[in-house]
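Accompanying notes for the structure given below.
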Amino acid sequence: MFSFLMVRKSALAAASVMCLGVSANAQTTIDSTTGKPEINQSGINDAGAPGSRPTAQQATPGGRRPAAGSTNAGATAGDLSQQIAACLVLGNQEEVALAEIAQKQAEHEEVKKFAAHMIEQHQQAVTKLEQAVPQVAGLTLTAADGQTPGNEQNAAQAPELALAKSIKQQCLQLTQQEMSDKQGAEFDKCYIGQQIGAHVGMLAQLRGSKNFANPQLQAVIAEGEQMATKHLEEAKKIMAELESAKSQPARTTQRIAPATR
Numbered sequence: 069m070f071s072f073l074m075v076r077k078s079a080l081a082a083a084s085v086m087c088l089g090v091s092a093n094a095q096t097t098i099d100s101t102t103g104k105p106e107i108n109q110s111g112i113n114d115a116g117a118p119g120s121r122p123t124a125q126q127a128t129p130g131g132r133r134p135a136a137g138s139t140n141a142g143a144t145a146g147d148l149s150q151q152i153a154a155c156l157v158l159g160n161q162e163e164v165a166l167a168e169i170a171q172k173q174a175e176h177e178e179v180k181k182f183a184a185h186m187i188e189q190h191q192q193a194v195t196k197l198e199q200a201v202p203q204v205a206g207l208t209l210t211a212a213d214g215q216t217p218g219n220e221q222n223a224a225q226a227p228e229l230a231l232a233k234s235i236k237q238q239c240l241q242l243t244q245q246e247m248s249d250k251q252g253a254e255f256d257k258c259y260i261g262q263q264i265g266a267h268v269g270m271l272a273q274l275r276g277s278k279n280f281a282n283p284q285l286q287a288v289i290a291e292g293e294q295m296a297t298k299h300l301e302e303a304k305k306i307m308a309e310l311e312s313a314k315s316q317p318a319r320t321t322q323r324i325a326p327a328t329r
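Per the working numbering, the very first residue in the sequence shown carries number 69; after that it's consecutive.
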């Protein structure tokens, strides 16, 4: 949903620029001799009369339009860096919150190690995002209502960010509810299964937003892609181990019947 809002915002901005350009070119010039509209140097009839010859939009040298997602969009890409970083900060904080639950409730040793690994690396990711985009420093997913530490008060003024935070809070709350009544091996599978889906989603978010970020944030996103890929592989490996353990038949102790006379 937030990605759609970002794309829609960018499209509206581009449309505004195009409208400004059309308005500037639409000024009418009248020939004082003939009393008719003149043809400007681009070959377009300034009055927009029938038969005018429109020319291609010269956004780039040679009249070629920039390809979608090209680096020529750098001027507008930087405008979305704060929104992108805010969403990524909230996503990493969600990972930390769930991993803290897993450390307390997990039974399998590998699941406990994985959770500790998630806490450490996703906290580091938040720090790097805050360094790349200082405006998101202090943004927190689990802050109580009415509390806006650091720069969060400024960030919350953007309705897109408020929407993203509200969705992430609901996602965290619902996931916590699903995990709350599970124990032992059932909890382990629930948490690891959720992590597989979460890291697939994180990879999609990183790859989809990279071209709309400024160069400094792009470097952090590239590191995040590598981290999310590694975490996804680890989660899949642990899930395979959990499935294998479940498929093994339970050991039974045979009791020797007492000898009879």
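We treat Cβ as the ideally placed atom computed from N, Cα and C, and that holds for glycine.
- For G269, count neighbouring C-beta atoms within 10 Å of its own C-beta (all shown protein chains included) and say buried if the count is 16 or more, exposed if not. As a first step, residue 269 is located in the sequence shown; it is residue number 201 there, counting from the start. So G269 counts as exposed.
- Task: Rounded to whole angstroms, what's the CA-CA distance from K305 to P283? Just pull it up for me.
- Result: Residue numbering aside, residue 305 sits at position 237 when the sequence shown is read from its first letter. Residue numbering aside, residue 283 sits at position 215 when the sequence shown is read from its first letter. Cα-Cα distance, rounded: 34 Å.
- Going by CA-CA distance only, name the one from L310, E291, C239, K250 that's closest to Q189. The residue given as residue 189 occupies position 121 in the sequence shown. With distances taken between Cα atoms, Q189 lies closest to E291.
- Per-residue DSSP class, three states only, for L271: Within the sequence shown, the letter at position 203 stands for residue 271. Helix at L271.
- Message: Tell me whether the region 194-208 and the region 153-162 touch, counting them as touching only if at least three CB pairs, one residue from each stretch, are closer than 8 Å.
- Response: yes
- Task: Could you tell me the distance, in whole angstroms, from the CA atom of N140 to the CA atom of V288?
- Result: Your numbering for residue 140 matches position 72 in the sequence shown. Your numbering for residue 288 matches position 220 in the sequence shown. At N140 the pLDDT is 41, less than 50, meaning the model places this residue with poor confidence; the figure from the coordinates comes in the next sentence. Roughly 20 Å between the two C-alpha positions.
- Query: Can you list, in chain order, the residues of its chain whose CB lies under 8 Å from that of M295, leaving out five sequence neighbours each side?
  - Reply: Stepping through the sequence shown from its first residue, residue 295 is reached at position 227. For M295, where only same-chain residues beyond five positions count, the Cβ hits under 8 Å are Q189, A193.
- Message: Check whether the region 234-254 and the region 164-182 touch, using three or more Cβ-Cβ pairs below 8 Å as the test.
- Response: yes
- chain C beta carbons: is any one of them nearer than 8 Å to that of E188? The question asks about chain C, but that chain is absent: this structure has only one protein chain.
- Exposed or buried, what is Q95 when buried is set at 16 or more other beta-carbons lying within 10 Å of its beta-carbon? By one-based count along the sequence shown, residue 95 stands at place 27. Residue placement at Q95 cannot be trusted, given a pLDDT of 42 that sits under 50; what the coordinates show is reported in the next sentence. Under this definition Q95 is an exposed residue.
- Task: Between the Cα of Q251 and those of I152, Q173, Q151, spot the shortest distance and give me the residue it belongs to.
- Result: For the purposes of this step, residue 251 is identified with residue 183 of the sequence shown, where counting begins at 1. If we check each option's Cα against that of Q251, Q173 comes out closest.
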